[in-house]
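See below for the structure under consideration.
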Amino acid sequence: MNWLKKYGIFLFLMLLLFHCSAIYFEWIDMRFYSKLLIIPFLMILMGVNMWGGAGLGSFKMLPFIAMLASFTGDLLLGFSDAQFFLWGMLSFMVTHICNSIYFLKLNPLRFKKSKPVFITFLILAFFSSIVIYTIKDNLGAYLIPIMVYMVIIGVMACLASNLLSDVAYTDLALQYFIPGAGLFVMSDGILALNKFSLQEPLLDLFVMLTYGLAQLYLAMGFYKTYEYKIMHVVK
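Heads up, the sequence shown is in the working numbering, so the first residue is 48 and it goes up one at a time.
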């Protein structure tokens, strides 16, 4: 599987580009099925990079549970019924909760070193306020679920930035986890604006581009962290 380690990121980007092309050219079937390949491909990529090594069970399981929940969300959101949308959103809540627990296990929250978290909170509060203000009149029964979802993904992003307060994980946070969390927030923000206000078909392309890159950054962060822990923690 060395070839997959070497070329996996490139192959994933080609898959994501194909999916975005399917959105642009309105290849309905290809759009549906190519989307369902995104997360499984990343799970395989994580698997080959996290193969072997003893211990660190939660640092293996949490990322895969998070990715599995994302795959379930992708599948459910592929259907147009309102109930599928709510269940899909719930699946992504599970993703963000798993990622939040993962980040907390890496670096517990310490209020004396919470400046990055505070700054992230202010940025997300501003961004979320704009999104909610824009779409609130069209949300109806979705208002509470959307707000709960925004809180959960916001907590995840804040905990990703909290890794900056531990020198052991600063580089991993800057290179992978913070970009991944930020792109995830951006993707979901554009998705909410487009679904409940703008309704521009081509914006789906930006939703999936930012989503795919977000998941790629997070997946890379997971296996890079695992490699780091195997080298520096496990005896």
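Glycine included, every Cβ here is placed at the ideal spot set by N, Cα and C.
In this chain, the alpha helix (DSSP H) harbouring Gly104 covers 104-124. When rounded, the separation of the alpha-carbon atoms in Val198 and Asp235 is 12 Å. When the beta-carbon positions are compared, Leu63 and Gly268 stay at least 9 Å from each other. For Pro163, same chain residues with a beta-carbon under 7 Å away, outside a window of 5 residues either side, are Ser208, Asn209, Leu211, Ser212 in chain order.
Apart from the 5 residues on each side of it in sequence, Leu238 sits with its Cβ closer than 6 Å to the Cβ of Val254 in its chain, given in chain order. Look at Arg78 here: in three-state DSSP terms it is helix. Cβ neighbours of Ser175 within its own chain (closer than 6 Å, five residues either side excluded): Met197. Under the three-state reduction of DSSP, Tyr216 is assigned to coil, being neither helix nor strand.
Phe57 sits away from Phe150, with the two beta carbons spaced by 9 Å or more. The beta carbon of Ile200 lies closer than 7 Å to those of His143, Phe231, Val232, Asp235 in the same chain, with the five residues before and after it left out. Here DSSP, grouped into helix, strand and coil, assigns Pro163 to helix.
Here Leu169 has no same chain residue with a Cβ atom under 6 Å from its own Cβ, once five neighbours each way along the sequence are excluded.
In the three-state reduction of the DSSP assignment, Asp251 falls in the helix class, which pools H, G and I. Residues Gly227 of the same chain have their beta carbon placed closer than 6 Å to that of Leu265, with the five preceding and five following residues left out of the count. One alpha carbon belongs to Ala129, the other to Asp251, and they sit about 18 Å apart. Around Ala116, the same chain offers Ser138, Val141, Thr142 as residues with beta carbons nearer than 6 Å, after the five sequence neighbours per side are excluded.
With fewer than 16 neighbouring CB atoms inside 10 Å of its own CB, Lys159 falls in the exposed class. The Cβ atoms of Leu221 and Thr272 lie no closer than 9 Å to each other. In summary, Val202 is buried, with 16 or more beta-carbon neighbours lying within 10 Å of its beta-carbon over all protein chains present. Under the three-state reduction of DSSP output, Pro87 falls in the helix class.
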